[in-house]
Amino acid sequence: MVRRTDRLGAAVLAGLLLASALVGCAAEGESPPGLAAPVAITDGPTDTPSDEVDGEPSPSLSAVESMGSAPSRSATPKPKTPTKKPTRAAPKPRPVPKPPTETEVPPAPPKPAPSSCKPTYKGSQASRSAVKAALTNAANRTYWPVSAPDITIPLDLLKATAWQESGWQSNIYACDGGVGLLQVMPDTATWMNQRFEKSYKIDAYQDNAYLGATYLAWATKYIGDMYFESDFRLDPALCTSELNSCLLNAVIAAYNFGHGAVAQEGEPLTIPNPSYVRNVRALMNECVCLAY
């Protein structure tokens with residue numbers, strides 16, 4: 245503030261001297277040639293830019309507006325175009341698949357049981373909270389930590405599949421041989437334990453959840469490598485109205501009909517069980533089990 249005050253005093257003194265000189269000229273009846281119109285005394289040198297005082301720039305238009313002032317009509321700023329983050333598009337399924345990277349495959353599912361056959365129950369049924377915990381633990385596991393660590397099984401997919409298969413009944417035994425929450429086939433459980441070097445028990449609901457999720461993870465790797473350039477995202481947003489457009493639908497179909505009915509060497513991706521796929525996809529959004 246001291247510097248600004250000193251400069252103001254000097255400017256006033258210079259103005260008074262100029263005024264005295266002008267008065268003297270006027271008294272003699274002479275008009276000074278080329279006299280400019282009087283101007284207000286500024287606090288600072290006359291060559292200071294109009295947008296800068298004492299070395300500090302005046303607020304820009306956008307800064308003034310941000311403090312609540314109305315924008316200038318003569319210098320309205322251009323609206324900023326929001327920048328969109330680039331998103332990675334999902335690959336379309338290959339019309340001719342690559343050879344499978346998994347040469348050892350699970351056994352084919354058995355033939356459907358007669359519709360007149362009724363399921364049986366053994367032991368006590370796990371509570372819904374216990375089933376939820378088992379499915380959550382299974383969805384949180386990494387099944388391909390070396391070759392495909394980005395493969396994850398969405399919890400809503402696992403919940404919906406278990407509801408479609410058993411209604412979350414942990415002690416149900418189907419006529420075709422399916423056991424428990426995820427209706428895992430005994431031969432499939434044996435194969436999965438050998439492939440992943442585990443010892444899951446098919447009749448223990450926690451292990452049954454792991455076995456079901458393990459098959460979903462295996463099918464994701466198998467089909468994703470063959471048809472989707474190893475893009476393993478099981479995201480409903482990547483699906484179109486055509487059921488064979490995304491990996492998610494293919495994995496759901498394989499869980500019900502087996503991998504061989506969906507993915508075959510030299511053949512396009514096939515969805516042989518559209519009703520099952522649509523049911524599971526609907527349950528992923530609307531199932532009462534999602535709230536458990």
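To get my numbering, take the position in the sequence shown, counting from 1, and add 244.
Even for Gly, the Cβ is constructed at its ideal location relative to N, Cα and C.
All of these numbers come straight from a predicted model, not from anything done at the bench.
For a cut-off of 8 Å, the C-beta gap from L401 to L379 is around 10 Å, too long to register as a contact.
With at least 16 other beta carbons inside 10 angstroms of its own, Q450 counts as buried. Spanning the alpha carbons of A526 and W407 requires a straight line of approximately 11 Å. Cα atoms of N488 and P430: separation of roughly 29 Å, rounded to the nearest angstrom. Contact annotation: A453 and L426 have beta-carbon atoms nearer than 8 Å. Counting along the chain, I496 sits inside the alpha helix (DSSP H) bounded by residues 491-501. For A453, the enclosing alpha helix (DSSP H) covers residues 449-471. T434 and S360 have their C-alpha atoms spaced approximately 28 Å apart.
A Cβ-Cβ distance of about 15 Å is found for the pair A383 and F476, leaving them out of contact under the 8 Å criterion. Between C533 and W412, the C-beta spacing is below 8 Å. For the pair P341 and P518, the Cα-to-Cα distance works out to about 21 Å. Rounded to whole angstroms, the Cβ separation of D469 and P344 is 7 Å, and the two are in contact under 8 Å. Judged by DSSP in its simplified three-state form, Y520 adopts helix.
Spatial neighbours of T464 in its own chain (CB-CB distance under 6 Å, excluding positions within 5 residues in sequence) are listed in chain order as I395, F476, V495. In this model, A461 and K445 are separated by some 18 Å (Cα to Cα).
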